[in-house]
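Residue numbers (the numbering used here): 8 to 240. Think of the CB as a built atom: it goes at the ideal place given N, C-alpha and C, for glycine as much as any other residue.
Following this line, the structure appears as structure tokens:
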């Protein structure tokens with residue numbers, strides 16, 4: 008739990024099967040010791056026992072641990088949950104099903120709730136439904152055929168999101184916190200710095216971290232991101 012009034016600027020997203028299909032626990036310990044403030048465990052392929060062990064390790068070393076709802080144990084394992092986008096793709100207006108899905112999740116999440124979004128309008132809907140944060144992607148690069156959001160639209164969405172300082176206290180943010188919009192999709196330390204300078208809140212990052220190389224290289228890459236965040240304070 009924390010009494011902080013700020014959502015972390017850095018949220019690492021675990022690699023799943025894409026980049027490092029191996030035991031992540033020793034590396035997560037190192038990243039936590041280095042100062043990683045938050046991690047989203049997106050590991051639907053793990054067995055229940057593997058997921059429990061990974062979550063326990065992460066919780067022992069990283070302040071904020073969020074579990075993606077794709078894993079069957081997500082809601083029983085963690086009070087902090089992230090869900091995939093409930094919205095229609097292609098910028099279509101959100102239907103009642105999306106709002107009902109968000110409302111149902113919010114009722115069942117005692118801690119931090121995050122939502123994947125691909126349009127600024129989706130971010131607004133997610134925050135209105137009570138999410139503490141939303142990821143907006145792809146900001147810089149895309150591999151799934153989605154249209155790029157771009158930095159300017161992200162920064163505007165981030166600023167609009169931060170204005171809604173009406174979050175209720177949760178089991179993690181005991182005093183509540185202003186909601187946050189995090190840029191996702193192609194983040195590098197250089198792009199992160201430019202984003203902060205432009206007024207963005209922060210990033211969710213995966214590829215540039217886990218693909219850096221061996222464990223020493225991954226830790227060194229995290230250090231670069233942390234130094235950028237520290238310089239912006």
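- Out of 233, 103, 165 and 84, the CA that lies nearest to the CA of residue 139 is found in 165.
- Look at residue 132 here: in three-state DSSP terms it is helix.
- If you draw a 10 Å sphere on the C-beta of residue 206, you find fewer than 16 other C-beta atoms in it, and that means exposed.
- Rounded to the nearest angstrom, the gap between the Cα atoms of residue 22 and residue 131 is 27 Å.
- In the DSSP annotation of this structure, residue 14 is not part of any alpha helix (DSSP H), being labelled neither H nor E.
- Nearest to residue 161 by alpha-carbon distance, out of 68, 223 and 209, is 209.
- Look at the region 85–127 and you find these whole runs of beta strand (DSSP E), each 3 residues long or longer: 88–90 and 120–124.
- Within the DSSP secondary-structure output, residue 35 pairs in no beta bridge.
- DSSP, reduced to helix, strand and coil, places residue 233 within a helical segment of the structure shown.
- Distance from the CA atom of residue 105 to the CA atom of residue 112, rounded to whole angstroms, is 11 Å.
- One thing to note: residue 190 has its Cβ within 8 Å of the Cβ of residue 202.
- Contact annotation: residue 91 and residue 77 have beta-carbon atoms nearer than 8 Å.
- Going by beta carbons, residue 73 and residue 39 fall outside the 8 Å limit.
- Residue pairing by DSSP places residue 161 opposite no residue, since no beta bridge is assigned to it.
- Under the DSSP definition of a beta bridge, residue 209 partners with 189.
- Residue 226 places its beta carbon 8 Å or farther from that of residue 32.
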